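Residue numbers (my numbering): 35 to 155.
Notes to accompany the following structure.
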Amino acid sequence: MKEFFAKYKNIALVIIIALAGYSLYSAFFAGRGDRGSLLSTRPGVSEEDVLIGKEFLTTLLELRSLDLDESIFSDESFTALEDFSQEVEPQPAGRPNPFREIGSDPVIPNVPEDTSVDDGV
Numbered sequence: 035m036k037e038f039f040a041k042y043k044n045i046a047l048v049i050i051i052a053l054a055g056y057s058l059y060s061a062f063f064a065g066r067g068d069r070g071s072l073l074s075t076r077p078g079v080s081e082e083d084v085l086i087g088k089e090f091l092t093t094l095l096e097l098r099s100l101d102l103d104e105s106i107f108s109d110e111s112f113t114a115l116e117d118f119s120q121e122v123e124p125q126p127a128g129r130p131n132p133f134r135e136i137g138s139d140p141v142i143p144n145v146p147e148d149t150s151v152d153d154g155v
């Protein structure tokens with residue numbers, strides 16, 4: 035038996051390493067999740083989701099059937115309401131690229147608007 039292993043030592047070593055590699059692969063990677071379910075063509079909607087959808091549609095149809103009295107908007111108490119909202123002033127823009135190092139932003143030259151040439155006459 036020793037003669038057999040001495041003669042085929044390299045082949046036996048390769049077989050042992052291959053078996054160890056296969057067992058490690060099957061233990062860690064082959065059993066990961068059910069990837070076949072990601073490729074299925076059946077819809078993934080549960081009965082609970084269907085019931086929630088039906089309840090939502092029923093509520094939506096009930097709301098559509100409501101009629102509001104539009105005379106509220108012409109009522110004196112509604113027209114007496116004041117708008118206290120405040121105008122938001124536009125703010126100056128910050129740096130062109132806020133993630134750049136400070137001082138490395140490109141400098142835009144200040145060009146005067148009057149570009150006519152005065153020939154002194």
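Each residue gets a CB set at the ideal place from its N, CA and C atoms; glycine is no exception.
Bear in mind the structure is a predicted one, so any value in this text is a computation, not a measurement.
Inter-residue spacing [alpha-carbon to alpha-carbon] between residue i and residue j
i    : j    : result
E89  : D103 : 27 Å
N131 : D139 : 8 Å
L100 : T92  : 13 Å
E110 : F118 : 18 Å
E37  : A46  : 13 Å
I50  : L85  : 56 Å
L53  : F63  : 15 Å
The alpha helix (DSSP H) enclosing residue i, as first and last residue numbers
i    : result
F39  : 36 to 41
E123 : No alpha helix (DSSP H) contains E123, which DSSP labels as neither H nor E.
L97  : 81 to 98
E110 : 110 to 113
When the options are compared against residue i, the one with the closest alpha-carbon
i    : options          : result
A114 : I106, E121, A127 : I106
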